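A.B. asks:
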Amino acid sequence: MRPVVLLIALAVPFAAVQAFAADPPADTQPVARRAFVNARVSSRQIAFNQVVRLEFTTMPRQIPGIDIAAAVANAVALDSKRWRSLATPIVVENEKTRTVAVTLALIPRVAGDVQLPAIPLTWLSGEQLADLGVVTVAEHLALAGDTIPQPKETIAIAGIPWGAKLLDLTAAGGALAKVLIDRQKDRVTASPQDGLTLIFRHGELGEATLVAKGLTLERAREQFMRRWGMPHLTTEQALTWYLGWTTITATVTGDGVTLGFVREDSEARRNQADVEQGVFGVLDGAAR
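Remember, our numbering sits 77 above the position in the sequence shown when you count from 1.
Written out as structure tokens, the structure reads:
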């Protein structure tokens, strides 16, 4: 079986890693081929808020009709417990050579030695798989060459941990025992402090908003960055940070700045429960 070499081109040096699919047993029809990828990874050591940029180039497509960008995005989505995609994958097919160049930008959700997403090369024959290796993600944030600690908002809001159960918080002696609770169709909200709203869905804390009246985004920008690092998305009216499973957005509103906090692992658990109960439960047949 001949190795298939996948070529990579970038202007800066990066470590090479291997892409492979396991050899089939000798007594079966071959279903995979081994390939070697000189993948380009922007850095193998990053802070918790830094972006990893990946680029790899493969042979020309061998299977027509494959949406390569969608195939790569699906592979990243399958690894959403470890990585978040900052943008849609960029795919360029060279007009002359027909080689396929793929570029990704990822943000870690967890710290430690984190495996990059494995990318099935579905546009090539042979069930090939690009294994892009491991990146070491530090616990701290990076800011202009310095390091800053992770903010408390990645763990809790106003001292209440993400995922905390509403039933426990409103029980006697709980943090919200004496706070007015507003029960709505799809959520329950509580406001333990002026301007702060805690949002519970499926009985657990997953979102929060904080209204800072009289504040402008320009006045607050520097202090926000000193706490959360450089924003990952910037528009005229909003700044957004992705810190692990926590998304923080500062938005200009009529009376100041509204900060939104979303804990996406809580959202992921709700989505999983909805699919398992509303779809798979029906398909599997509910117990009678």
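From the three backbone atoms N, C-alpha and C, an ideal C-beta is built for every residue, glycine too.
Being a predicted model, the structure only gives us computed values, none of them experimental.
#1: According to DSSP, simplified to helix, strand and coil, what is A267?
#2: Pick helix, strand or coil for E344, following the three-state DSSP scheme.
#3: So, for E284: in the same chain, excluding its five sequence neighbours on each side, which residues have a beta-carbon less than 6 Å away from its beta-carbon?
#4: Which residues in the same chain as T199 place their Cβ atom closer than 6 Å to its Cβ, once the five residues preceding and following it in sequence are excluded?
#5: Have a look at V43 and I258 and give me their C-alpha separation to the nearest angstrom.
#6: Three-state secondary structure (DSSP) at L397?
#7: Would you mind working out which of V129, A152, T224, I232 sits nearest L183, comparing C-alpha positions?
#8: Which one of R296, T326, E295, Q122 has the shortest CA to CA distance from W52?
#9: Between the Cα of R260 and those of W239, L360, T274, spot the shortest distance and give me the residue it belongs to.
#10: Can you tell me which of the three DSSP states V352 falls into?
#11: Going straight from the alpha carbon of L253 to that of L336, what length do you get?
#12: Ordered along the chain, which non-local residues of its own chain (more than five positions away) have a Cβ less than 7 Å from that of S120?
#13: Check whether the Cβ atoms of E281 and G240 sit closer than 9 Å, and answer yes or no.
#14: Using DSSP bridges, identify the partner residues of S162.
#15: Which complete beta strand (DSSP E) runs does the stretch 113-142 hold, if anything under 3 residues is left out?
#16: In this structure, does DSSP put A249 in helix, strand or coil?
#17: I need the DSSP call for A109, collapsed to helix, strand or coil.
#18: For D223, does the three-state DSSP call read helix, strand or coil?
#19: Helix, strand or coil for R175? Go by DSSP, reduced to three states.
#20: Tell me whether I196 is buried or exposed, calling it buried when 16 or more other Cβ atoms sit within 10 Å of its Cβ.
#21: Where does D208 sit, in a helix, a strand or coil, going by DSSP?
#22: Between which residues of its own chain and L220 is the CB-CB distance below 6 Å, once the five residues before and five after are set aside?
#23: Below 6 Å CB to CB, which residues in the same chain sit around G362 once its five sequence neighbours on both sides are set aside?
#24: Flag this pair as yes or no: are the beta carbons of V168 and A154 separated by less than 9 Å?
#25: Please report the straight-line C-alpha distance between V118 and P194, rounded to a whole angstrom.
#26: Return the CA-CA distance between G331 and T180, expressed in angstroms with no decimal places.
#27: Take the Cβ of L206 as the centre, count every other Cβ of all protein chains shown within 10 Å, and call the residue buried at 16 or more, exposed below.
#28: What distance in whole Å lies between the Cβ atoms of G333 and V288, which are believed to be in contact at a cut-off of 8 Å?
#29: Restricting to Cα atoms, I'd like to know which of L360, T286, M302 is closest to A227.
C.D. replies: Here's the rundown:
#1: strand
#2: helix
#3: I276, V339
#4: I143, A148
#5: Nothing can be reported for residue 43, as the shown portion of the chain is limited to 78 through 365.
#6: Any question about residue 397 goes unanswered here, given that the chain covers just 78 to 365.
#7: V129
#8: For the chain, the structure presents residues 78 to 365; residue 52 sits outside this window and is missing.
#9: T274
#10: helix
#11: 21 Å
#12: V129
#13: yes
#14: L183
#15: 129-135
#16: coil
#17: Confidence at A109 is low in this model, with a pLDDT of 45, below 50, so the placement of that residue is unreliable and no value is reported for it.
#18: strand
#19: coil
#20: buried
#21: coil
#22: G306
#23: none
#24: no
#25: 12 Å
#26: 39 Å
#27: buried
#28: 6 Å
#29: A small correction: the amino acid at residue 227 is Gln; Ala does not occupy that position in the sequence shown. Out of L360, T286, M302, M302 has the C-alpha closest to the C-alpha of Q227.
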